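So the sequence lines, in the order shown, correspond to chains A, B, C and D.
Each residue of the first sequence is one higher than the one before, counting from 1 in full-length UniProt numbering.
Each residue of the second sequence is one higher than the one before, counting from 1 in full-length UniProt numbering.
Each residue of the third sequence is one higher than the one before, counting from 1 in full-length UniProt numbering.
Each residue of the fourth sequence is one higher than the one before, counting from 1 in full-length UniProt numbering.
Yeah, the Cβ is synthetic: ideal placement off N, Cα and C, and Gly gets one too.
All values derive from a computational prediction rather than experimental measurement.
Take a look at the structure set out below.
Number of protein chains: 4
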Amino acid sequence: MTEGTTNDAGGSTIGVAMVGHAFMGAVHSQAWRTVHRFFDVPLAPRMVALAGRDERRTKEAADRYGWASVETDWRALLERDDVDLIDICTPGDTHAEIGIAALEAGKHVLCEKPLANTVDEAERMAEAAEKARARGVHSMVAFNYRRVPALSLARRLVAEGRIGEVRHVRAMYLQDWLSDAEAPMTWRLRKDKAGSGALGDIGAHIVDATQFVTGEPLTGVSGLTHTFVPRRPGSDGTHEDVTVDDCAVFTGRFASGAVAVFEATRYALGRKNAMRFEINGSRGSLAFDFEAMNDLWFYDGDEPGATAGFRRIVVTEPDHPYVEAWWPPGHGLGYEHTFTHEIADLLTAIGTNTAPEPSFADGLRVQRVLAAVEDSAAEGARWMQVDSAT
Amino acid sequence: MTEGTTNDAGGSTIGVAMVGHAFMGAVHSQAWRTVHRFFDVPLAPRMVALAGRDERRTKEAADRYGWASVETDWRALLERDDVDLIDICTPGDTHAEIGIAALEAGKHVLCEKPLANTVDEAERMAEAAEKARARGVHSMVAFNYRRVPALSLARRLVAEGRIGEVRHVRAMYLQDWLSDAEAPMTWRLRKDKAGSGALGDIGAHIVDATQFVTGEPLTGVSGLTHTFVPRRPGSDGTHEDVTVDDCAVFTGRFASGAVAVFEATRYALGRKNAMRFEINGSRGSLAFDFEAMNDLWFYDGDEPGATAGFRRIVVTEPDHPYVEAWWPPGHGLGYEHTFTHEIADLLTAIGTNTAPEPSFADGLRVQRVLAAVEDSAAEGARWMQVDSAT
Amino acid sequence: MTEGTTNDAGGSTIGVAMVGHAFMGAVHSQAWRTVHRFFDVPLAPRMVALAGRDERRTKEAADRYGWASVETDWRALLERDDVDLIDICTPGDTHAEIGIAALEAGKHVLCEKPLANTVDEAERMAEAAEKARARGVHSMVAFNYRRVPALSLARRLVAEGRIGEVRHVRAMYLQDWLSDAEAPMTWRLRKDKAGSGALGDIGAHIVDATQFVTGEPLTGVSGLTHTFVPRRPGSDGTHEDVTVDDCAVFTGRFASGAVAVFEATRYALGRKNAMRFEINGSRGSLAFDFEAMNDLWFYDGDEPGATAGFRRIVVTEPDHPYVEAWWPPGHGLGYEHTFTHEIADLLTAIGTNTAPEPSFADGLRVQRVLAAVEDSAAEGARWMQVDSAT
Amino acid sequence: MTEGTTNDAGGSTIGVAMVGHAFMGAVHSQAWRTVHRFFDVPLAPRMVALAGRDERRTKEAADRYGWASVETDWRALLERDDVDLIDICTPGDTHAEIGIAALEAGKHVLCEKPLANTVDEAERMAEAAEKARARGVHSMVAFNYRRVPALSLARRLVAEGRIGEVRHVRAMYLQDWLSDAEAPMTWRLRKDKAGSGALGDIGAHIVDATQFVTGEPLTGVSGLTHTFVPRRPGSDGTHEDVTVDDCAVFTGRFASGAVAVFEATRYALGRKNAMRFEINGSRGSLAFDFEAMNDLWFYDGDEPGATAGFRRIVVTEPDHPYVEAWWPPGHGLGYEHTFTHEIADLLTAIGTNTAPEPSFADGLRVQRVLAAVEDSAAEGARWMQVDSAT
């Protein structure tokens with residue numbers, strides 16, 4: 001018998017603490033436990049602490065997800081020498097306070113999206129991130145869909161010029177979990193907690209994803225938002241006001257002039273997590289739907305007409321992004337793998353002292369688009385320029 | 001040997017003349033030749049005359065498509081006693097003049113879409129149609145997509161309440177035949193001939209189709225139009241100005257409050273005739289794509305969660321609209337059948353002296369939406385109410 | 001006013017008579033009426049006579065479908081000078097008698113599939129066809145699926161070497177119209193009329209289609225047949241014996257060594273007319289399903305792995321087989337067009353005195369495969385060589 | 001700061017050792033690390049030892065995958081008190097020896113499929129498993145595809161009678177990694193190591209999956225196997241003989257009389273891991289393709305014809321099998337989750353002292369089908385009964 005170890009990273013490790021332990025906490029934990037088993041990251045994570053307000057529930061979550069200790073005040077993490085990185089999985093109203101404090105305390109930060117609930121908060125966070133970076137402290141906003149292999153491949157194909165100049169972007173994020181008017185109230189339906197509704201929760205993802213894939217920022221939008229069910233059953237039997245949008249639709253333009261339509265809703269009955277886009281360029285097109293997340297559809301306009309067609313690329317080949325670390329062709333990945341990929345990239349960036357992406361500046365860029373949509377919706381769909389300075 | 005005849009309609013016939021013999025003329029001709037072979041229409045068409053400006057080319061077309069005579073001036077048709085109905089297949093700039101004259105001459109009219117190039121023309125046509133109707137003279141605008149069996153079935157399911165209250169409409173009409181910047185100039189790219197570009201040519205279809213399927217009018221829109229290729233090669237070697245939109249995107253609202261997004265473009269590389277929509281209601285959803293025109297996708301929200309899913313209805317069963325006249329299940333129909341169905345309905349309406357649909361008033365309703373989109377696009381996407389009075 | 005004509009073929013015509021006026025009669029009639037409107041055929045059909053046993057019903061059918069006269073005995077057609085071609089749309093037990101007599105009388109013959117009910121009949125027909133051909137009298141067996149543009153394109157791609165050496169063929173023809181055990185008895189379930197059940201009715205199509213697309217004959221098979229519902233309600237209230245197979249499954253080999261699986265059934269609940277195949281070669285693959293008949297799926301194995309994928313070719317481009325005669329891209333064709341294409345090819349072959357395909361020898365080749373499957377099924381799935389001599 | 005632990009199972013644990021650390025070892029390790037994080041299993045795994053012949057490589061694998069120690073002889077595991085369960089991830093020629101020894105030493109066993117390379121070995125293993133079970137020692141064969149949620153749901157729907165009596169089974173397992181004739185030799189192509197080729201490697205999965213979903217055994221088969229590329233490049237530059245089948249196709253019958261076709265190949269160019277089946281019953285149908293593993297297609301024959309259609313159930317709802325442990329609807333699972341589910345079920349069975357499934361007897365049942373296919377192929381596709389006694 002020979003002793004083994006559970007740490008393959010040859011000595012270099014990084015102490016990780018997480019704040020929040022709901023849905024996002026569960027999936028981030030799985031990624032932290034898994035990343036160094038499949039990726040050759042320069043730093044292996046030590047899952048040292050989980051922070052949450054309720055001690056009992058936080059302790060239970062720590063046990064379940066594999067965190068070595070718990071804190072009931074996230075501020076305690078700032079003082080701990082064994083914490084090198086703070087992973088923020090709380091609602092958006094706390095992101096700015098925790099994120100800025102963590103960066104100032106010299107902790108790397110991974111922050112769930114949307115970066116913040118307001119442009120002002122996001123600006124302060126981006127500023128703090130830039131300052132921290134000068135000191136070798138890194139930060140990333142968790143737009144995990146960038147790390148779907150099919151999306152990364154889409155970005156690569158656009159960057160290689162395979163679709164030419166982008167002309168059209170159409171992007172939808174369709175869910176249906178609020179279709180039932182009697183579904184209960186949650187913090188996601190309160191403006192003070194969530195900032196906005198479908199717009200910030202899922203619209204943020206398609207704004208980031210299409211800016212990422214095209215490599216271009218949105219420069220203007222015209223939007224419309226709507227709340228279908230204005231009151232919902234609360235925890236105490238009474239009904240509470242829904243103070244966010246149930247859906248947002250908007251038209252837009254990208255920097256190169258490409259014309260865009262966007263839609264985010266949780267009322268598309270039958271669509272469970274249909275994060276979709278199609279991009280048409282002068283040489284080709286790309287289409288994606290997260291409900292079939294291992295597929296990317298590519299139309300190569302250089303192909304002769306008689307044999308041209310949208311092809312379904314099953315994005316599970318060794319030379320597809322992230323895939324070599326996993327299974328043979330056709331043995332698909334799932335939702336959680338996007339987080340493992342994200343953390344692999346983050347650890348590589350920290351280990352090599354390079355700036356990870358998407359940065360807080362990228363998060364701010366998305367926030368400004370969301371704010372412009374809300375402003376436009378408030379002013380009769382008036383066209384709003386999006387400030388692209390960072 | 002017993003004599004047969006080529007007319008099964010037991011004596012009652014209707015004399016039909018057509019103006020124009022390009023793409024629409026070819027497909028209308030096939031429908032006129034075919035309709036009474038499969039549908040028990042009260043009137044069998046006699047294809048008496050084809051009108052076109054160039055005598056030689058019109059004669060060739062008449063021979064090929066089966067019209068018994070030709071005229072080089074459509075006005076001659078008004079005088080002919082053997083002409084009971086005039087089918088207008090010319091560009092939009094001529095619809096008002098021909099259509100109104102025909103109705104005033106007591107001829108029934110089938111008019112290609114869009115009804116007209118301007119709201120003013122469309123209003124005059126609707127007015128003429130209403131007056132004519134009082135005299136038993138009927139008119140229909142040829143929004144043929146209503147007669148795709150899958151679309152008719154969608155309308156039926158909405159009317160039966162199967163999707164509940166409509167919340168979302170998203171409709172795209174995607175083609176790619178202008179993707180090549182060197183594709184030549186055509187009359188469809190000249191505002192004076194075509195009225196508008198993608199908006200009127202194909203956007204008109206999705207406006208009509210979604211109003212038809214939901215049973216509701218659009219009440220407001222905010223739009224954006226764009227011309228990607230402003231000059232194209234003309235017939236004489238020089239380049240000519242494109243004076244219409246290459247694409248139009250717009251958000252909108254239906255009468256019940258449903259939120260909508262629309263897109264019409266001829267630059268969606270790889271999409272050949274993707275006339276698509278998805279409608280989400282409080283009880284179910286429907287989705288359609290003309291590139292698979294025999295299918296309708298239906299999500300029944302009343303189904304228990306464990307077995308719910310979008311189902312692909314292959315719309316070729318005997319109890320599906322129009323299908324019983326044709327082939328056994330699974331033996332699909334094609335594009336041209338939509339025209340045969342349209343004409344079957346028109347002949348039935350005329351034969352029973354009931355008003356056919358879509359009426360010129362329906363065509364006007366579409367025209368007003370298109371005009372509102374153009375006005376909005378001209379004013380920075382400002383929200384425009386759509387006048388729904390007819 | 002200038003006189004037009006309904007015959008664009010510049011004088012050359014061919015007198016056509018049809019025997020039988022059920023489903024196949026209806027669709028053949030539509031093709032005969034339509035072919036010269038879209039294809040530049042050297043001979044325009046004159047639909048001179050329809051033969052059927054019941055005078056009243058035959059007369060009605062002639063009126064509806066556009067045949068100029070009727071006969072109650074098909075033999076009368078042999079004597080008529082105005083009949084140049086006889087189109088046989090009757091059940092299989094009559095094909096040999098009518099077909100051979102017609103050829104001997106100097107009439108060209110189009111015969112519905114399967115060519116005959118037995119190999120012996122098929123051999124006599126093939127022999128008669130060969131003799132007739134020497135006298136300039138032509139014949140074709142109506143395997144209409146060869147004329148689906150997607151199938152013709154598949155054949156072309158195989159012939160061009162795009163999929164390399166064929167290794168696998170899997171072909172299914174799935175229908176469900178007998179799933180209900182109480183569906184009534186029909187002639188298609190009687191061995192004396194139909195010859196066999198699913199095997200001959202629909203299995204014949206996939207045998208011909210895969211031999212056509214691969215360009216190779218099947219050389220051996222091992223089969224299994226089954227009758228799920230042995231008795232069905234007859235017209236007189238009693239139950240009658242079903243004397244044919246309800247399904248047939250078989251493995252097989254093509255001449256080059258390719259390995260094949262076949263299945264034909266009318267009990268695949270939910271599949272309406274799913275005539276499907278997939279062919280895998282050393283350089284690429286092809287897949288087709290008639291329920292989406294305008295699509296061909298092609299995998300190009302020469303493509304680099306990162307961008308390879310099955311592509312959906314929407315077979316509606318001008319350079320796709322038969323398509324230029326019809327509509328713009330994306331405006332799909334339907335079931336009946338396959339017959340129009342078949343007849344266009346037949347008329348071209350007759351007009352140019354070249355042998356049309358598929359020939360009666362091709363029909364015989366299919367018949368031998370069907371017989372081998374039946375023989376194998378009768379002998380415990382024993383491997384049966386298929387005689388490929390003609 | 002409060003101490004957390006990494007073991008949420010409240011004290012009850014089970015010591016696990018694994019033999020082999022290639023592809024299957026990697027995915028089993030991920031499942032062992034993950035299972036108790038998401039499932040409330042009665043026993044939390046302690047990953048105590050990894051066995052492999054090469055010490056350095058085994059040590060590296062143990063570090064990477066999280067095993068606490070290594071052994072270079074699997075027999076050493078039998079002696080260790082900290083080992084309660086042995087997970088066999090080696091090629092099939094070693095399964096019998098290791099499995100039987102482990103069971104006799106009182107260790108629970110999880111054994112990769114196929115259970116063994118011969119029926120004789122499988123019989124001895126099943127016998128050993130039955131004896132061990134009497135002593136509370138449990139065993140399972142790792143047909144992981146049973147734990148795809150969509151497959152489990154399919155089984156549930158069949159058991160509930162939703163598709164009625166099964167009439168047709170068609171199952172394919174299509175891969176393409178051997179399409180290139182120059183792909184190198186591997187142990188999977190040597191009969192002495194792998195037992196058979198595509199038949200045992202992937203054919204075994206579809207035999208088990210369809211027997212599982214239908215709840216019926218296969219009772220007879222007629223098969224055909226083929227080796228397309230008889231020699232491949234070996235490690236030393238010479239070519240070596242391929243001694244297994246490259247593909248197997250067979251027809252078959254299930255106990256109730258249902259008619260089946262099967263195909264397993266690694267030469268289906270473009271199909272990466274297309275483990276597919278369709279089952280047609282008298283009341284409904286089911287279809288599945290692992291390349292879209294989160295979907296199950298269900299046709300409900302009780303639905304009225306006008307709205308019936310194959311529905312795509314996105315199997316990610318809380319009341320779908322295994323799904324509640326994971327993410328919200330539409331956030332799909334991947335290949336590896338099937339192993340986590342398998343191990344969750346195994347731990348539950350051991351913890352409650354009930355027999356896990358699939359048992360070694362189930363593995364033997366599959367082995368007998370595979371042997372019957374090989375025997376049939378060797379005797380001209382002669383029909384072979386399958387011995388269903390266990």
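- Under 6 Å Cβ to Cβ from B:Lys113, same chain only, skipping five residues before and after it: list those, please. Val141, Ala142, Phe143, Ala204
- Message: If I measure Cβ to Cβ from B:Gln385 and keep anything under 6 Å in the same chain, skipping five residues before and after, which residues do I get?
- Response: Gly220
- Partner residues on chain D for B:Glu317, Cβ-Cβ distance less than 7 Å: Gly305, Ala306
- Task: Give me whichever residues DSSP pairs with D:Cys111 in a beta bridge.
- Result: D:Ile88, D:Val141
- Measuring CA to CA, which of B:Ala209, B:Ala122, B:Asp345, B:Asp300 is closest to A:Leu269? B:Asp300
- Query: Going by the CB atoms, is the gap between B:Arg231 and B:Val242 shorter than 8 Å?
  - Reply: yes
- Item | Minimum C-alpha distance to A:Thr214 - residue among A:Ala194, A:Ile279, A:Val16 | A:Ile279
- Applying a beta-carbon distance threshold of less than 8 Å, which residues of chain D neighbour C:Phe254? Within chain D, no residue comes near C:Phe254; the closest Cβ sits about 12 Å away, beyond 8 Å.
- Message: Can you find the residues in the same chain that come closer than 6 Å, C-beta to C-beta, to B:Ala372, ignoring five residues on each side of it along the sequence?
- Response: Val221, Met384, Val386
- Query: What does DSSP give as the partner residues of C:Gly106 in its beta bridges?
  - Reply: Answer is none; C:Gly106 lacks a bridge partner.
- Query: Quick one, are the C-beta atoms of B:Thr307 and D:Phe262 less than 8 Å apart?
  - Reply: no
- Query: Going along the chain, which residues of its own chain have a beta-carbon closer than 7 Å to the beta-carbon of B:Val35, five neighbours each way excluded?
  - Reply: Val41, Pro45, Thr340, Ile343, Ala344, Leu347
- Query: Thinking C-beta only, is B:Arg162 closer than 8 Å to D:Arg311?
  - Reply: no
- Query: What does A:Cys247 reach in chain B if we use C-beta pairs closer than 9 Å?
  - Reply: Arg167, His168, Val259
- Length of the line joining the Cα atoms of A:Phe290 and D:Ile206: 27 Å
- Spatial neighbours of A:Leu151 in its chain, beta-carbon cut-off 7 Å, leaving aside the 5 residues before and after: Tyr145, Ala209, Val213, Phe288
- Own chain residues within Cβ distance below 7 Å of A:Ala193, not counting five before or after: Reading off the sequence shown, one finds Lys at residue 193 of chain A, where the question assumed Ala. Excluding residues within five positions, the ones whose Cβ falls inside 7 Å are Pro91, Asp93, Trp187.
- Query: Per DSSP, what kind of secondary structure is D:Trp177 in: helix, strand or coil?
  - Reply: coil
- Under 8 Å from the C-beta of D:Met293: neighbouring residues of chain A: Gly332
- Message: Quick check on the burial criterion: 16 or more other C-beta atoms within 10 angstroms. Buried or exposed for B:Glu79?
- Response: exposed
- Query: Mind checking whether B:Gly52 and B:Gly20 have CB atoms under 8 Å apart?
  - Reply: yes
- Query: Between B:Pro318 and the rest of its own chain, which residues show a CB-CB distance below 7 Å, the 5 nearest in sequence each way excluded?
  - Reply: Glu324
- Contacting residues, own chain, Cβ-Cβ under 8 Å from A:Arg89 (five flanking each side not counted): For the record, residue 89 of chain A in the displayed sequence is Cys; it is not Arg. Cβ neighbours of A:Cys89 beyond the five flanking positions: Met18, Val19, Gly20, His21, Ala22, Met24, Gly25, His28, Glu112.
- Given a threshold of 16 other Cβ atoms within 10 Å of its Cβ, counted over all protein chains shown, does A:Ser376 qualify as buried or as exposed? buried
- Query: How many Å lie between A:Ala292 and C:Arg147 at the Cα?
  - Reply: 34 Å
- Does C:His108 come within less than 8 Å of chain A when only Cβ atoms are used? no
- Message: I want to see whether chain B comes within less than 8 Å of D:Gly341, judged by CB atoms only; does it?
- Response: One point to set straight first is that residue 341 of chain D is His, not Gly, in the sequence displayed. With 8 Å as the cut-off, D:His341 does not count as an interface residue toward chain B.
- Whole-angstrom Cβ separation of B:Val109 and B:Ser139, contact assumed at under 8 Å? 4 Å
- Closest residue to B:Tyr259 among A:Ala76, A:Ser256, A:Thr227 (Cα-Cα distance): Here residue 259 of chain B is Val; the residue named in the question, Tyr, does not match the sequence. Answer by Cα proximity: A:Thr227.
- Query: Starting from C:Phe360 and walking both ways along the alpha helix (DSSP H), at which residues does that stretch end?
  - Reply: 360-378
- Message: Taking its Cβ as the centre, do 16 or more other Cβ atoms sit within 10 Å of B:Ala9, making it buried, or is it exposed?
- Response: Reliability of the predicted coordinates at B:Ala9 is poor, the pLDDT of 43 falling under 50, and the value obtained from them is presented with this limitation in mind. Its Cβ being crowded by 16 or more others within 10 Å, B:Ala9 is buried.
- Item | Same chain, Cβ closer than 8 Å to C:Ala159, five either side skipped, listed in chain order | Gly215
- Inspect the beta-carbon positions of C:Arg266 and C:Gln175 and report whether they are closer than 8 Å. yes
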